[in-house]
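Single-structure report; data block below.
Numbering (my numbering), first residue to last: 1 to 251.
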């Protein structure tokens with residue numbers, strides 16, 4: 001899907017935590033298409049289980065007016081698992097609102113590769129040209145919604161000091177601002193158009209979680225827990241506490 005002419009993506013790269021001058025550029029001119037795209041869940045959130053399309057695991061805070069979500073995660077070690085994968089991200093919308101999602105995070109591929117990306121779904125996802133990641137790196141993911149058609153995503157590799165943001169303006173797909181999420185996903189591989197097989201990621205923790213909306217400031221704790229199912233088979237087991245959300249692979 002093409003962006004509207006009003007869409008402008010701005011980027012800021014940080015090297016060794018020293019800010020460079022902001023550079024405005026046409027949409028994603030320096031970024032490559034990512035191999036990730038989100039697959040939306042189906043079925044009522046409060047009754048979702050086996051039999052529903054449930055590609056997300058993690059915590060979802062429901063409400064209105066969500067404007068900011070953040071969380072930090074250590075990239076797990078995934079290797080020797082072929083073309084499987086698992087994506088870790090934070091975002092706004094996509095759960096009860098299927099019109100759009102603003103999100104950012106990273107993908108573990110079964111061959112050991114790690115991809116950092118951002119997306120205003122249903123538009124394509126793109127990789128960050130200046131932020132790489134590998135197993136063991138600590139990644140902070142943040143998104144802001146400036147109303148329903150504009151926002152910002154920021155990905156920070158706290159281990160290497162790399163950081164970049166992208167801003168969205170005048171997007172055609174409109175947010176509802178009803179869901180704040182911290183998610184591990186069995187995503188769609190854009191190169192094939194199919195769901196990946198969920199990689200055995202071990203355990204993924206998303207910590208230092210925070211979301212701001214009309215209810216004030218909350219974290220992942222107290223949100224609704226969602227799990228990944230493959231047909232009738234539960235693939236994950238997630239829970240929350242004051243630190244954030246933890247998801248274990250049990251498939």
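Heads up, the beta-carbon is just placed ideally off N, CA and C, and yes, glycines get one too.
Check                                                                                                                                                       : Outcome
Can you tell me the Cα-Cα spacing of residue 6 and residue 133, whole angstroms?                                                                            : Caution applies to residue 6, whose pLDDT of 35 falls short of 50 and renders its modelled position unreliable; the value that the coordinates give is listed next. Cα-Cα distance, rounded: 31 Å.
Assuming the contact rule is C-beta atoms closer than 8 Å, residue 244 and residue 190 should be a hit. Round their C-beta distance to whole Å, please.     : That belief does not hold up - the Cβ atoms of residue 244 and residue 190 are roughly 28 Å apart, past 8 Å.
Would you mind working out which of 146, 60, 163 sits nearest residue 170, comparing C-alpha positions?                                                     : 146
Could you tell me whether the segment 105 to 124 touches the segment 74 to 89, where touching means 3 or more Cβ pairs closer than 8 Å?                     : yes
Could you check where the beta strand (DSSP E) with residue 141 kicks off and where it finishes?                                                            : 138 to 145
Classify residue 157 as buried or exposed, calling it buried when 16 or more other Cβ atoms lie within 10 Å of its own Cβ.                                  : buried
Helix, strand or coil, according to DSSP, for residue 188 in the structure here?                                                                            : strand
Could you please give the first and the last residue of the uninterrupted beta strand (DSSP E) stretch that includes residue 120?                           : 114 to 121
In whole angstroms, what is the alpha-carbon distance linking residue 37 and residue 148?                                                                   : 20 Å
Looking only at its own chain, which residues have a Cβ that is under 8 Å from the Cβ of residue 127, when we skip the five neighbours before and after it? : 31, 32, 33, 34, 115, 116, 117
Indicate the three-state DSSP secondary structure (helix, strand or coil) for residue 224 in the structure shown.                                           : strand
Determine the DSSP secondary structure at residue 215, reduced to helix, strand or coil.                                                                    : coil
Relative to the C-alpha of residue 152, which residue among 75, 119, 130 is closest?                                                                        : 119
How long is the line joining the alpha carbons of residue 61 and residue 223, rounded to whole angstroms?                                                   : 4 Å
Taking buried to mean at least 16 other C-beta atoms within 10 Å of its own C-beta, is residue 249 buried or exposed?                                       : buried
Buried or exposed for residue 233, going by 16 or more other Cβ atoms inside 10 Å?                                                                          : exposed
If you compare alpha carbons, which of 123, 56, 78 is closest to residue 200?                                                                               : 78
How should residue 194 be labelled, buried or exposed, when 16 other C-beta atoms within 10 angstroms of its C-beta is the threshold for buried?            : exposed
Helix, strand or coil for residue 176, going by three-state DSSP, please let me know.                                                                       : coil
Can you pull the DSSP bridge partners for residue 57?                                                                                                       : 184
Rounded to the nearest angstrom, what separates residue 136 and residue 150 at their Cα positions?                                                          : 32 Å
Under a three-way DSSP split, which group does residue 21 fall into?                                                                                        : Unreliable positioning characterises residue 21 in this predicted model, as indicated by a pLDDT of 29, which lies under 50. The coordinate reading is nonetheless provided below. Coil.
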